[in-house]
Structure formats: structure tokens, C-alpha cells
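S.K.: Can you keep this structure in mind? I'll have questions shortly.
Numbering (the numbering used here), first residue to last: 168 to 453.
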């Protein structure tokens, strides 16, 4: 059976590196870092797709520094909006399925129950605004796509909350972590596995394409998350809860951004594991 060809943009991202580690069979992957393919350069993207054919593009390229995005509007817009537009146009022209990763930060956090895919969006920071614009461009151009909103992503790679907690625990006597922002951690490995479940099922049923939420199950504050990280790492409890107003950040963040996974679980007949179970799995490989 012929292998499906997958372009992976953002090869140096947490998801790009996790995908390499998982060694998934039956696909031929072309990993492109931002130094090899600048998705924000329309001419470069056009020239690139003239030479190659793909069945899928996993767009893991993104500007994800929420705080810095408030200062670097042009840079974050170029990657999260222009870059996505360039890939969406290429997908339409060259007939491949675009799998794009979005964020819980498209919501304002005023809801008190998990956000579904049908809930109104209202981003409260520039990062969230650019990610929402990227979503809207894909929906405007394409019929066959996956937009997957996720939250609080962590992995073995790059900078993420889990690695930051472990680093701070080695450096500081006490770590202060926000207790009044609620969301859900997502283990990168679980998200990658979901992507392959989705694309395989959609090959047989085109009605399954579209917008989905995926994170692990349950909910947590950053403080809950950090406390569990240190517990599993067997580091003596050195963590203290603080309110977000005590943590000076130029970017506003939603107070509540738990994503409902009901649509993903129903459409793909899967059971998503709790965030604490996933985190235990992560530490079992450390």
C-alpha cells in the first residue's frame, strides 16, 4: 500500500519533535523547519508546492509566545495569519488536507462550563486574535480541513510549563503559580495520536472534517498543574498559589478556557484520558 505523504511545517515545534519520536508507520513525512520553509513568504510557499505533492500538511508552525505577541504584532500576524493563508491557498490549489493547530485562547474565559466548537469566540489577547483569524481563513478557503483547538501543551521538547516547573524547582526555594486561571493540560503525544485517528476516519467519511477541540480531560488551575508536576517528579512541595493580578503580564489571559471534547469523542469513537493520567504517562518515560 502506497504511503500517504505528509508535510510537517514547524518541524522544530513541540508537536513536530513529538511526531518524529512516535515513529508512526504508513506515512512519508517531510519535516520543514522555519529555516527551510518560511510559510509567511507567499512566493516561497508557491514555489515549494510547485515541486512537491502531498496528501496532508500538518501545520505545527506558529507564533506561540502569548506575552511577546503583544509587543511583536507584525511578527505574530505574519506567521499566524499570513502563513496560514498561504498554506490554505496551497491546499486549495494542490488538493491536500490541511491539519491546523489552534488554541483555547480564541475564547474570552467568561463562560463557567467547557467551551464547545459552537460557542462564540472573543479573544482577549493579540495571540488569540491572530489564531482566530487563521481559523477563519481556512474555513473561507477550504472544505476538507481539520482545525484542532488545544490548550496548555507540554512534551519532552522545547519550552513548556512542565519543563519550566522542573527548572524553577531546581533554582528556587518557592515557586509562585497562578491559581485563578482554569484550563486543561494537553500531552503532545495524545494530540498527535488524535490527529491520526481523525485523518484515517475522515478518509472514509468526508463529513468528519472540520473544527474540533482536543486536550486531555478534566480541568486544572496552573497551580494544580504545577503541584502535580512536582509531585510526580518527587520534588518536595515548594509551590505557592497566587492570583493572576500578582503576576504582571502585558497579555490578558482567559480565566476559564476548558475545552469540551464531546464532539471529538462522539465523531471518532474515542475515549480521551484525564490530564493527570497523561502526565503520569509523561513522567514514566523520564
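Every residue, glycine too, gets a C-beta built ideally from N, C-alpha and C.
Check whether the Cβ atoms of residue 385 and residue 327 sit closer than 8 Å, and answer yes or no.
M.R.: no
S.K.: I'd like to confirm the pairing. Which residues does DSSP put opposite residue 321 in its beta bridges?
M.R.: 354
S.K.: Distance, Cα to Cα, residue 366 vs residue 395?
M.R.: 33 Å
S.K.: What residue ranges within the segment 175 to 223 form continuous alpha helix (DSSP H) runs of no fewer than 4 residues, ordered along the chain?
M.R.: 181 to 189 and 209 to 218
S.K.: Per the DSSP calculation, residue 269 is bridged to which residue(s)?
M.R.: 316
S.K.: Using alpha carbons as the reference points, say which of 338, 238 and 213 lies closest to residue 260.
M.R.: 213
S.K.: Whole-angstrom Cβ separation of residue 298 and residue 249, contact assumed at under 8 Å?
M.R.: That belief does not hold up - the Cβ atoms of residue 298 and residue 249 are roughly 13 Å apart, past 8 Å.
S.K.: Say whether the segment 371 to 390 touches the segment 281 to 293, bearing in mind that this needs 3 or more beta-carbon pairs closer than 8 Å, one atom from each stretch.
M.R.: yes
S.K.: Would you please state the rounded distance, in angstroms, between the beta carbons of residue 321 and residue 352? I believe it to be under 8 Å.
M.R.: 6 Å
S.K.: State the CB to CB distance for the pair residue 171 and residue 194, rounded to an integer number of angstroms; the pair is presumed to be in contact (CB under 8 Å).
M.R.: 5 Å
S.K.: Compare the beta carbon distance of residue 226 and residue 265 with 8 Å and say whether it is the shorter of the two.
M.R.: yes
S.K.: Which one of 191, 257 and 208 has the shortest CA to CA distance from residue 221?
M.R.: 257
S.K.: Give the straight-line distance between the Cα atoms of residue 358 and residue 427, rounded to the nearest whole angstrom.
M.R.: Their backbone Cα atoms lie some 15 Å apart in a straight line.
S.K.: Within a Cβ cutoff of 6 Å, which residues of the same chain sit near residue 418, ignoring the five residues on either side of it in sequence?
M.R.: 233, 234, 237 and 292
S.K.: Please work out which residues of its chain come closer than 7 Å, Cβ to Cβ, to residue 343, disregarding the five sequence neighbours upstream and downstream, and give them in chain order.
M.R.: 407 and 409
S.K.: Here's the rule I'm using: 16 or more other beta-carbon atoms within 10 Å means buried, otherwise exposed. How should residue 192 be labelled?
M.R.: exposed
S.K.: Could you tell me the alpha carbon to alpha carbon distance between residue 182 and residue 355, rounded to whole angstroms?
M.R.: Distance between the alpha carbons of residue 182 and residue 355: 6 Å.
S.K.: Just to confirm, is the Cβ distance from residue 241 to residue 267 under 8 Å?
M.R.: no
S.K.: Anyone know if the C-beta pair for residue 452 and residue 345 falls short of 8 Å?
M.R.: no
S.K.: Find out if the Cβ-Cβ distance for the pair residue 269, residue 304 is shorter than 8 Å.
M.R.: no
S.K.: Would you give the residue range spanned by the beta strand (DSSP E) that residue 305 belongs to?
M.R.: That residue, residue 305, is in no beta strand (DSSP E); its alpha helix (DSSP H) goes 293 to 308.
S.K.: Apart from the five residues just before and just after residue 390, which ones in its own chain have a Cβ nearer than 6 Å to its Cβ?
M.R.: By the criterion of a C-beta distance shorter than 6 Å, residue 390 is surrounded in its chain by 344, 346 and 408, once the five residues flanking it on both sides are discounted.
S.K.: Starting from residue 400 and walking both ways along the beta strand (DSSP E), at which residues does that stretch end?
M.R.: Residue 400 -> no beta strand (DSSP E), and no H or E assigned at all.
S.K.: Can you list, in chain order, the residues of its chain with a C-beta nearer than 7 Å to that of residue 364? Leave out the 5 residues immediately preceding and following it.
M.R.: 435 and 437
S.K.: At which residues does the beta strand (DSSP E) containing residue 412 begin and terminate?
M.R.: Where residue 412 is concerned, there is no enclosing beta strand (DSSP E), given that its DSSP letter is neither H nor E.
S.K.: Considering only DSSP beta bridges, list what residue 408 is partnered with.
M.R.: 344
S.K.: Can you give me the Cβ contacts of residue 295 inside the same chain, cut-off strictly under 7 Å, excluding the 5 residues immediately before and after it?
M.R.: So the list reads 270, 272 and 273, once near-sequence residues are dropped.
S.K.: How is residue 450 classed by DSSP in three states: helix, strand or coil?
M.R.: Residue 450 falls in the helix class under three-state DSSP.
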